[in-house]
């Protein structure tokens, strides 16, 4: 890559939980001239990242004209924008319009504007669990896991992922340029991790680990490295899927969450085990109450059967593909991530400011 800042990056969903951290790390790279943020809920705080100029543009990825305007002059697109819904609070048609239709618009804009580099943030939910609740132990990016995806959110992410992969190598307006890459997954992995972000952390990791299990800072760092090496080694990275992982302990998600929460508040204790059948009955009772009260009041669902099945299905991964292909190493250790998460939780309670990401200088 050029020594002087020459590259313009655009991050859709750059004001989101992971997107903002990607923008923050990108803004610290000396080879990037500008980072553009395209988000439906634009927050000006991200413009304060230095030294790279960060430009925030408010818009909806369902609007192709707004996307085209924002992407003109861009060299690399990181597509993280999505509606994330595990509890069934968002209508499926709306989630599909954003996650699938929005992704189609991003791919079309890349082709129309001859943007050769596209990285897509997927989810472990796009892999499974399936409707048969079949477990997956120590899987990797090449593991075959079939069946209909359980979560509606996962179905939309799987459809969008397929769109991006099929667009790899597509012809663009400039006949001398092709769209070589895609990075369809912040799919989190087991050695380091497993659950919803990894497709169980929720981070789609497993068994479940949850997306909070894998450090958002490490997920963002993998995006930064993948984007850079996509420009350097497109023949290797193009059309590949990578699971995100770090050194978060490989254990059940509720244990990881307890460690994180107790770091912020030592009074948080583990509760007793609730049998599956009791939770299933509670969900059905809640549905009946919602139906009866719907003319007067519609309480938000606290849980649904697809999410319950996802929680109780073991889903774990073990991979080092990102390390082999583009030298990824976690930017933050488990201990550091724990401390930072505790700071974020305290900040959410209004007791202190959120921590800042800083790339380590080795």
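Numbering (my numbering), first residue to last: 454 to 815.
Here a beta-carbon is modelled for each residue, glycine too, at the ideal position from N, C-alpha and C.
State the Cα-Cα distance for the pair residue 518 and residue 566, rounded to the nearest angstrom.
12 Å
Euclidean distance between Cα positions of residue 773 and residue 473
25 Å
Given a threshold of 16 other Cβ atoms within 10 Å of its Cβ, counted over all protein chains shown, does residue 569 qualify as buried or as exposed?
buried
Going straight from the alpha carbon of residue 464 to that of residue 476, what length do you get?
7 Å
Three or more beta-carbon pairs under 8 Å between the stretch 519-535 and the stretch 591-598, yes or no?
no
Note down, in chain order, each residue of its chain lying with its Cβ closer than 7 Å to the Cβ of residue 470, except the 5 sequence neighbours on either side.
669
Residues bridged to residue 532 by DSSP?
465 and 573
For the putative contact between residue 676 and residue 572, defined by C-beta atoms under 8 Å, what is the C-beta separation to the nearest angstrom?
6 Å
Between the alpha carbons of residue 526 and residue 610, how many angstroms are there, rounded?
28 Å
Going by DSSP in three states, residue 509 sits in which element: helix, strand or coil?
strand
Using DSSP bridges, identify the partner residues of residue 762.
DSSP lists no partner for residue 762.
In chain order, what are the residue ranges of uninterrupted alpha helix (DSSP H) at least 4 long that sit wholly in the stretch 522-567?
545-549 and 555-565
Using the Cα positions of residue 495 and residue 506, report the straight-line distance between them to the nearest angstrom.
16 Å
Please report the Cβ distance between residue 493 and residue 512, rounded to the nearest whole angstrom; I am assuming they are in contact, meaning their Cβ atoms lie under 8 Å.
7 Å
State the start and end residues of the unbroken alpha helix (DSSP H) segment that holds residue 485.
No alpha helix (DSSP H) holds residue 485; the beta strand (DSSP E) holding it covers 485-492.
List the residues that DSSP assigns as beta-bridge partners of residue 583.
602
Which residues mark the beginning and the end of the beta strand (DSSP E) in which residue 749 is found?
Where residue 749 is concerned, there is no enclosing beta strand (DSSP E), given that its DSSP letter is neither H nor E.
Just mark residue 547 as buried or exposed, buried being the case when its beta carbon has 16 or more other beta carbons within 10 Å.
exposed
Nearest-angstrom Cα distance between residue 628 and residue 544?
For residue 628, the pLDDT reaches just 46, beneath the cut-off of 50, and the residue's location in the model is therefore unreliable, leaving the point undetermined.
Spell out the partners DSSP gives residue 592 in its beta bridges.
770
Which value, in whole angstroms, describes the spacing of the CA atoms of residue 690 and residue 557?
21 Å
Indicate whether residue 560 and residue 617 have their beta-carbon atoms separated by less than 9 Å.
yes
Residue from 586, 552 and 699 whose Cα sits closest to the Cα of residue 781:
699
Could you give the distance in angstroms between the alpha-carbon of residue 732 and the alpha-carbon of residue 761?
8 Å
Going straight from the alpha carbon of residue 694 to that of residue 612, what length do you get?
14 Å
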